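Heads up: the structure comes next, in structure tokens.
Chains as they are written, first to last, in the numbering used here: chain A, 19 to 495; chain B, 19 to 495.
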């Protein structure tokens, strides 16, 4: 448990090892004894709770209500929507015994809940007066993945899944885009992460959806991370599950459905967008500890008292603050410790500064240090935290913008993707060409569509047919 | 969906049917297509969220931190603590296939997580400096029950489970009692439910615990409902899972463990303690709608404007308020509707009262109506809601107190339990006698211990051996 103050692998030496080091040493998670599953430890889980708070508020503004549906789906029900089952069946965990007896209808641990929501809506909806339905669920889902990485890909992860039902196609399409915007705002306002966002190609869309939209973050190693999706499910599930309603004109109609979700993958995005060689760097709004106060020469008169005074003042402001007065550790050790944990702001309180009526303020993201008057701490800190948020967003946005290039042939695409970042290129839009590009670029995939049109007369660099779209390509997690 | 305004079964006609009617017609839940599982609908789930908010705050005050552990337990791990596995194995749901392949080590869907917490603590704890650990988890658990009832007994339910680890037995015992007190406070302060509380007998304690304490609520039909438990797990799990730590004197020691939990059963308690023949009666602090405003003759000038004014005012006060201005429904229909949904306070706004500058305020719990000046609504409502909470608590407490009797023989015990409520009786404390009493009284069980001593010289009415304790007996859910 006391390993965390050792240095971690540098990002440029081994990014994957750096990532694992940060996850473990910042105590975000622990590997569980259940193969492929992780324990979400308090420091990691608290970040997720802040994301939940933000999204719950935003969802509510959009008229969403929280519900909870069963964690298992009977096989007989699971098989009703053909495309969907083909997409998910290979990675399911299946329960076959209950109460010591073999189950007649095996139960699939939910990998996602379109099926259960559709089945419920069939019971709850019979008239246009029952619409729209905008339900959301916070839960965990299980996908039997072969290779797993903390927060990025795991046998079980935490997420929210919104499932809505509307009278008209227009309302559904609006909802899909509204929720994508909520996720984009969550990045900008809460996580200090800029996204590239747009529609997925046919090949990359969700199993059973009419259209999928996603937000994609760019990690420090130049790889993209799909960070949230919003699906227009059309009428496919509704038809498969027999959902219908009496419309305004008394005719029986089929509703339009959407689903949208983000998961604990966002923790992975936070780590890999903001982290540095000293460890985690947390956006202030989700940091479990926003400010750490570290006394210098704490045995000297007045030091601890001053620390406690600042702590009380900040707590009254609603700031999450920790005073580390453990005298068995040196201030230097503590500096590294809270840098590893990504605490956005450190306040150093020592006898010399106190004489001047001031403290030292150190920003985690830039390493910048400045002094501030003690009596102004209360008024300074909230705006300083906002400033740190802005610093972090700007840094991430600059990185993103400097890693987008426009290319028009496979050679340049390959070079750009090898270098890291997004390459925008026009192509025909077919799944075949997409798969060939993946092979040629050694793993480059379409992340989302930049433009649903292409320069006139331009042809696909793979098949030579007319281009139909310009797409963000990248290597991705 | 429009059945909810029909009358429900009266409590005294068929209490079980009344309960089911309320669950369905107040739209707290729906029966899912997955046998034994329910859908928690927005109105029911929102009550659970208020309980979560209250408890999260109280847990945090006690130093608890939230975590999330895997939803499955490998069989090999599950079998390590003998008593525990014997208690839970018969009601487990077991996954045997993952990703299309048979699993070597089948996975048990968690019925409770003592095992996973113990296994994690073994990794996280090595020194007294790592203690105490006070982790809590909000999740769902699965128990393969044969007969299920909404919120009371189901294949899957939502709960929180706290799992703590301490250096000393004293700290563990204190934690067990502290958390029981938090649950008791939750009843008194949030749910307006008084509990009987105390230690369980050996026979009724948790599988694998040294001692179990519980809070027991009394339902309107005279049956008890175990509503929360707090367990002193001693060192049993720690020894079975090899958890040890270097103590202050450098010797290797074994820690002391506790666990404690409440579940969505509390929703069942709310329904059956407070509900009446008109439906649900919700304690104001957990009510998703605390105040409903119903316009009378809403087409007349000024009525809807006044309603909206009151709504805005109350919302600014942080009160959860709904204005129902659907003009396709009569006020009378709406009165029944929100009575069924248990909304604590109704405000009627009609042209006649408006002329007098007043509105009508109707309390759900007592049916009492009074008028209030419009300009005083803002200042009146918060205290009126508190008054309603107090009314509800007092009513439930009076019911509880009038349903506790003291008996000293089996005949009187049987009579008391047939009548409903608790009977306090001294007995020897053995599991054998407890089982015989259950048979004789047609289902009476020990709920918790009232006194860990008995009148001198008194003997057990079953076996004739000396009494050791006075116990609350009741028929229970």
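Glycine residues also receive a C-beta, built at the ideal position from the N, C-alpha and C atoms. These numbers were taken from a predicted model, which means no experiment stands behind them.
Relative to the C-alpha of residue i, which candidate in the options has its C-alpha closest?
{"i": "residue 259 of chain B", "options": "B/476, B/275, B/367 and B/34", "result": "B/275"}
{"i": "residue 172 of chain A", "options": "A/48, A/429, A/364 and A/396", "result": "A/48"}
{"i": "residue 304 of chain A", "options": "A/373, A/406, A/430 and A/87", "result": "A/406"}
{"i": "residue 160 of chain B", "options": "B/144, B/177 and B/437", "result": "B/177"}
{"i": "residue 217 of chain A", "options": "A/110, A/470 and A/414", "result": "A/470"}
{"i": "residue 147 of chain A", "options": "A/271, A/193, A/104 and A/31", "result": "A/271"}
{"i": "residue 495 of chain A", "options": "A/89, A/412, A/170 and A/97", "result": "A/170"}
{"i": "residue 300 of chain A", "options": "A/237, A/219, A/383 and A/277", "result": "A/383"}
{"i": "residue 40 of chain B", "options": "B/472, B/355 and B/280", "result": "B/355"}
{"i": "residue 263 of chain A", "options": "A/475, A/308, A/194 and A/186", "result": "A/186"}
{"i": "residue 241 of chain A", "options": "A/55, A/417 and A/453", "result": "A/417"}
{"i": "residue 332 of chain B", "options": "B/196, B/400, B/386 and B/174", "result": "B/400"}
{"i": "residue 340 of chain A", "options": "A/134, A/423, A/455 and A/306", "result": "A/306"}
{"i": "residue 86 of chain A", "options": "A/122, A/130 and A/50", "result": "A/130"}
{"i": "residue 458 of chain B", "options": "B/198, B/278, B/121 and B/431", "result": "B/431"}
List the residues of chain B that residue i touches, going by C-beta distances under 8 angstroms, in chain order.
{"i": "residue 60 of chain A", "result": "83, 84, 85 and 153"}
Contact criterion: CB-CB distance below 9 angstroms. Does residue i meet it with respect to chain B?
{"i": "residue 379 of chain A", "result": "no"}
{"i": "residue 309 of chain A", "result": "no"}
{"i": "residue 65 of chain A", "result": "no"}
{"i": "residue 256 of chain A", "result": "no"}
{"i": "residue 107 of chain A", "result": "yes"}
{"i": "residue 325 of chain A", "result": "no"}
{"i": "residue 150 of chain A", "result": "no"}
{"i": "residue 134 of chain A", "result": "yes"}
Could you work out which residues of chain A lie near residue i, taking near to mean beta carbons separated by less than 7 angstroms?
{"i": "residue 113 of chain B", "result": "111, 112, 113 and 127"}
{"i": "residue 141 of chain B", "result": "48"}
Quick one: which chain B residues come within Cβ less than 7 angstroms of residue i?
{"i": "residue 272 of chain A", "result": "Near residue 272 of chain A there are no residues of chain B at all, since even the closest Cβ is about 18 angstroms away, more than 7 angstroms."}
{"i": "residue 95 of chain A", "result": "51"}
{"i": "residue 358 of chain A", "result": "Near residue 358 of chain A there are no residues of chain B at all, since even the closest Cβ is about 17 angstroms away, more than 7 angstroms."}
{"i": "residue 116 of chain A", "result": "111 and 162"}
{"i": "residue 137 of chain A", "result": "51"}
Residues of chain D with a CB under 9 angstroms from the CB of residue i: which are they?
{"i": "residue 90 of chain A", "result": "Of the protein chains in this structure, namely A and B, none is chain D."}
For residue i, which three-state DSSP category applies?
{"i": "residue 407 of chain A", "result": "helix"}
{"i": "residue 36 of chain A", "result": "helix"}
{"i": "residue 391 of chain A", "result": "strand"}
{"i": "residue 84 of chain A", "result": "strand"}
{"i": "residue 339 of chain B", "result": "strand"}
{"i": "residue 148 of chain A", "result": "helix"}
{"i": "residue 126 of chain A", "result": "strand"}
{"i": "residue 274 of chain B", "result": "strand"}
{"i": "residue 22 of chain B", "result": "For residue 22 of chain B, the predicted structure reports a pLDDT of 47, less than 50, and the residue's modelled location is therefore unreliable. A value from the coordinates is still provided. If DSSP states are grouped into helix, strand and coil, residue 22 of chain B belongs with the helices."}
{"i": "residue 446 of chain A", "result": "coil"}
{"i": "residue 47 of chain A", "result": "strand"}
{"i": "residue 303 of chain A", "result": "coil"}
{"i": "residue 213 of chain A", "result": "coil"}
{"i": "residue 424 of chain B", "result": "strand"}
{"i": "residue 204 of chain A", "result": "helix"}
For residue i and chain A, any beta-carbon pair shorter than 9 angstroms?
{"i": "residue 75 of chain B", "result": "no"}
{"i": "residue 367 of chain B", "result": "no"}
{"i": "residue 229 of chain B", "result": "no"}
{"i": "residue 157 of chain B", "result": "yes"}
{"i": "residue 183 of chain B", "result": "no"}
{"i": "residue 484 of chain B", "result": "no"}
{"i": "residue 180 of chain B", "result": "no"}
Inset, instruction - Would you be able to state if there are at least three C-beta pairs under 8 angstroms between the segment 207-227 of chain B and the segment 156-168 of chain B? - result: In this structure the segment 156-168 of chain B does not lie against the segment 207-227 of chain B, because fewer than three pairs of beta carbons, one per stretch, are closer than 8 angstroms.
Legend entry - At least three beta-carbon pairs within less than 8 angstroms, the segment 446-455 of chain A to the segment 479-493 of chain A: Touching, yes, given that three or more Cβ pairs across the two stretches are closer than 8 angstroms.
Inset, instruction - Specify whether the segment 311-320 of chain B and the segment 214-232 of chain B touch according to this definition: at least 3 beta carbon pairs, one from each stretch, less than 8 angstroms apart. - result: no
Inset, instruction - Tell me, please, whether the segment 286-305 of chain B touches the segment 39-50 of chain B by the rule of three or more beta-carbon pairs shorter than 8 angstroms. - result: yes
Legend entry - Cβ contact (3+ pairs, closer than 8 angstroms) linking the segment 147-159 of chain A and the segment 181-191 of chain A: Flag = yes, the segment 147-159 of chain A and the segment 181-191 of chain A touch.
Legend entry - the segment 277-287 of chain A in contact with the segment 241-251 of chain A per 3-pair CB rule at 8 angstroms: yes
Inset, instruction - Indicate whether the contact test is met: 3 or more Cβ pairs, each with one atom in the segment 85-94 of chain B and one in the segment 126-136 of chain B, closer than 8 angstroms. - result: yes
Legend entry - Stretch-stretch touch, CB-based, cutoff 8 angstroms, three pairs: the segment 325-340 of chain B with the segment 377-395 of chain B: yes
Inset, instruction - Determine, using beta-carbon pairs with one atom in the segment 66-78 of chain A and one in the segment 186-204 of chain A, whether at least three such pairs fall under 8 angstroms. - result: yes
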